[in-house]
Amino acid sequence: MATNNAGNTYIVPTTANEVTKPSQPAFLARGGAQDANVTGNGTLYTLGQGNVMVEIFDQNTDFDIGGGGGSGQSTLTAPVTGRYQLDVILAIKNNENSTREEFSLVTSNFTYAEYGLPNQATSGNNDANINISILAEMDAADTAYVTYMCDGEGADTSDIGNTPQLWFSGYLAV
Amino acid sequence: MATNNAFNTYIVPTTANEVTQPSQPAFLAYLGTKDLNVTGDETTYVLGEDHALTQVFDQNSDFDVGGSGGSGQATFTAPVTGRYKIDVILCAVSATGGTREFIKLVTSNRLYQSTSVPFVATAGSADNHRNLSILADMDAADTAHVEYQISGIAKIVDIDNAPATYFSGRLEV
Numbered sequence: 000m001a002t003n004n005a006g007n008t009y010i011v012p013t014t015a016n017e018v019t020k021p022s023q024p025a026f027l028a029r030g031g032a033q034d035a036n037v038t039g040n041g042t043l044y045t046l047g048q049g050n051v052m053v054e055i056f057d058q059n060t061d062f063d064i065g066g067g068g069g070s071g072q073s074t075l076t077a078p079v080t081g082r083y084q085l086d087v088i089l090a091i092k093n094n095e096n097s098t099r100e101e102f103s104l105v106t107s108n109f110t111y112a113e114y115g116l117p118n119q120a121t122s123g124n125n126d127a128n129i130n131i132s133i134l135a136e137m138d139a140a141d142t143a144y145v146t147y148m149c150d151g152e153g154a155d156t157s158d159i160g161n162t163p164q165l166w167f168s169g170y171l172a173v
Numbered sequence: 000m001a002t003n004n005a006f007n008t009y010i011v012p013t014t015a016n017e018v019t020q021p022s023q024p025a026f027l028a029y030l031g032t033k034d035l036n037v038t039g040d041e042t043t044y045v046l047g048e049d050h051a052l053t054q055v056f057d058q059n060s061d062f063d064v065g066g067s068g069g070s071g072q073a074t075f076t077a078p079v080t081g082r083y084k085i086d087v088i089l090c091a092v093s094a095t096g097g098t099r100e101f102i103k104l105v106t107s108n109r110l111y112q113s114t115s116v117p118f119v120a121t122a123g124s125a126d127n128h129r130n131l132s133i134l135a136d137m138d139a140a141d142t143a144h145v146e147y148q149i150s151g152i153a154k155i156v157d158i159d160n161a162p163a164t165y166f167s168g169r170l171e172v
């Protein structure tokens with residue numbers, strides 16, 4: 000049995016009452032390849048500006064994987080006004096000398112940011128992760144994407160890492 | 000008023016239209032007792048390998064609390080194929096001197112990992128927090144559990160109990 004809006008199925012309960020929503024906007028994407036030398040000297044990096052992300056799923060087809068040959072940023076476009084749960088796991092490499100970082104989830108309505116002293120990766124252990132999770136309000140056609148910047152390296156020698164340490168997911172929650 | 004599947008209620012709106020889903024797979028558990036000396040020398044710690052977690056709730060009974068007397072790891076088993084929102088907060092204690100750490104959410108389909116140089120816990124502030132949140136794709140009968148690993152020191156690092164270490168999840172879409 001399914002509950003529908005006269006046109007399409009939107010809630011699918013099992014006989015045990017677990018509910019799935021196969022048409023609900025939802026996506027999960029992972030890093031496709033490392034983006035090398037993208038920040039470190041104050042340059043703003045946008046997730047998806049270099050290598051495309053790899054979609055694990057994209058219900059409703061609202062996520063753009065980005066890529067230097069395409070749109071240039073990995074972006075969710077809200078198909079309907081609502082509250083969207085967004086989660087990002089970002090990996091930074093070669094930031095041993097960085098003194099400041101800015102990590103932002105940028106939506107059309109608000110920017111959700113984490114500023115501070117970087118968790119510096121050391122030369123022998125060159126990974127540093129930073130995460131952000133928020134329930135964001137988005138209007139129809141609003142977008143959400145991710146930026147990162149670190150400073151203090153003297154040059155753009157810092158990289159953005161790859162799977163399993165680079166993830167971007169989201170869904171229409173309420 | 001309720002929406003049901005001809006057998007049972009699965010969405011319960013109030014008269015003010017707040018909606019709950021009392022049969023939706025969802026759990027919240029915390030570590031009730033500190034796990035001592037579990038990593039530091041690169042040993043992989045599995046949440047629930049020693050003390051069982053304490054369930055706050057477990058709608059649909061899909062969560063195994065673990066514990067050395069039981070399964071040995073706190074594990075969520077997906078009852079149905081879907082996308083599951085999973086959140087972990089974990090706190091390591093006595094990590095001073097650690098050089099690298101991993102927190103991992105291990106699902107049957109994928110590994111979600113956060114790696115870093117540990118925030119140096121000092122003698123007066125001996126806690127080092129990590130967290131992970133993701134919308135994970137899981138097939139029916141797939142599992143999810145949490146691992147943590149730190150290297151660079153002896154096996155003297157503890158995993159702190161509540162309010163510092165939590166594991167939660169729910170079927171979202």
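Protein chains in written order, with numbering that gives the first Met the number 0: chain U, 0 to 173; chain Y, 0 to 172. The beta carbon of each residue, even a glycine, is placed where N, CA and C say it ideally should be.
Checklist line | For G67 (chain U) and G47 (chain U), the rounded distance between their alpha carbons | finding: By one-based count along the first sequence, residue 47 (chain U) stands at place 48. By one-based count along the first sequence, residue 67 (chain U) stands at place 68. One C-alpha to the other measures close to 7 Å.
Checklist line | Own chain residues within Cβ distance below 6 Å of D138 (chain U), not counting five before or after | finding: Position 139 of the first sequence, counted from the start, is the residue given in the question as residue 138 (chain U). Cβ neighbours of D138 (chain U) beyond the five flanking positions: T80.
Checklist line | Reduced DSSP category for K84 (chain Y) - H, G, I as helix; E, B as strand; rest coil | finding: As a position in the second sequence, residue 84 (chain Y) is number 85, starting the count at 1. If DSSP states are grouped into helix, strand and coil, K84 (chain Y) belongs with the strands.
Next item on the list: Tell me whether L116 (chain U) is buried or exposed, calling it buried when 16 or more other Cβ atoms sit within 10 Å of its Cβ.
Entry: Stepping through the first sequence from its first residue, residue 116 (chain U) is reached at position 117. Label assigned to L116 (chain U): exposed.
Checklist line | Beta-carbon proximity check, D61 (chain Y) vs P12 (chain Y), cutoff 7 Å | finding: In the second sequence, residue 61 (chain Y) corresponds to position 62, counting from 1. In the second sequence, residue 12 (chain Y) corresponds to position 13, counting from 1. No, these two residues do not count as a Cβ contact at 7 Å.
Margin query: Spatial neighbours of I152 (chain Y) within its chain, please: C-beta separation below 6 Å, excluding the five flanking residues on both sides.
Written below: Taking the first residue of the second sequence as position 1, residue 152 (chain Y) is located at position 153. Contacts found: G39, G96, G97.
Margin query: Taking the beta strand (DSSP E) that Y56 (chain U) belongs to, which residues open and close that run?
Written below: The sequence position of residue 56 (chain U) within the first sequence is 57, counting from 1. It is worth fixing the name first, because residue 56 (chain U) is Phe in this sequence and not Tyr. Taken as a continuous stretch (DSSP letters only), the beta strand (DSSP E) holding F56 (chain U) covers 52-58.
Next item on the list: For G31 (chain U), go through chain Y and note every residue whose CB falls closer than 8 Å to its CB, in chain order.
Entry: Residue 31 (chain U) sits at position 32 when you count from the first residue of the first sequence. Result: empty, since nearest Cβ-Cβ is about 14 Å, beyond 8 Å.
Check: When DSSP labels each residue in this structure, what does L30 (chain Y) get in the three-state scheme?
Finding: Within the second sequence, numbered from 1, the residue matching residue 30 (chain Y) stands at position 31. Strand, per DSSP.
Notebook entry, point to check: Run through DSSP, which three-state label would Q54 (chain Y) get?
Noted result: The residue you call residue 54 (chain Y) lines up with position 55 of the second sequence. It is a strand residue.
Margin query: Just to confirm before moving on: does the CB-CB distance between N96 (chain U) and G151 (chain U) stay below 7 Å?
Written below: The residue given as residue 96 (chain U) occupies position 97 in the first sequence. The residue given as residue 151 (chain U) occupies position 152 in the first sequence. In this structure, G151 (chain U) lies closer than 7 Å to N96 (chain U) by Cβ.
Notebook entry, point to check: When the cut-off is 7 Å and only beta carbons count, does T114 (chain Y) lie next to chain U?
Noted result: Numbered from its first residue, the second sequence carries residue 114 (chain Y) at position 115. Yes, T114 (chain Y) lies at the interface with chain U (some Cβ there is under 7 Å from its Cβ).
Check: Any idea which residues DSSP pairs N130 (chain U) with across the strands?
Finding: Taking the first sequence and counting its residues from 1, the one referred to as residue 130 (chain U) is at position 131. DSSP lists U:I88 as partners of N130 (chain U).
Check: Which residues of chain U have a Cβ atom closer than 9 Å to the Cβ of N59 (chain Y), listed in chain order?
Finding: Stepping through the second sequence from its first residue, residue 59 (chain Y) is reached at position 60. Neighbours of N59 (chain Y) on chain U, chain order: A15, N16, E17.
Check: What residues from the stretch 123-137 of chain U come within 7 Å of chain Y, judged by C-beta to C-beta, listed N to C?
Finding: N124, D126, A127, N128, N130, S132
Margin query: I'd like to know if D86 (chain U) contacts chain Y, where contact means its C-beta is closer than 7 Å to some C-beta of that chain.
Written below: As a position in the first sequence, residue 86 (chain U) is number 87, starting the count at 1. Yes - at least one Cβ of chain Y is within 7 Å of the one on D86 (chain U).
Notebook entry, point to check: Between Y9 (chain Y) and chain U, is there a C-beta pair that is closer than 7 Å?
Noted result: Working through the second sequence from its first residue, we reach residue 9 (chain Y) at position 10. Yes, contact with chain U.
Check: CB-CB under 6 Å to D63 (chain Y), same chain, minus the five flanking residues each way: which ones, in chain order?
Finding: For the purposes of this step, residue 63 (chain Y) is taken as residue 64 along the second sequence, with counting starting at 1. Contacts found: S70, T74.
Item checked: Assigned secondary structure, N118 (chain U) (DSSP; H/G/I helix, E/B strand, else coil) -> Locating residue 118 (chain U) in the first sequence gives position 119, where the first residue counts as 1. In this structure, N118 (chain U) counts as coil in the three-state DSSP scheme.
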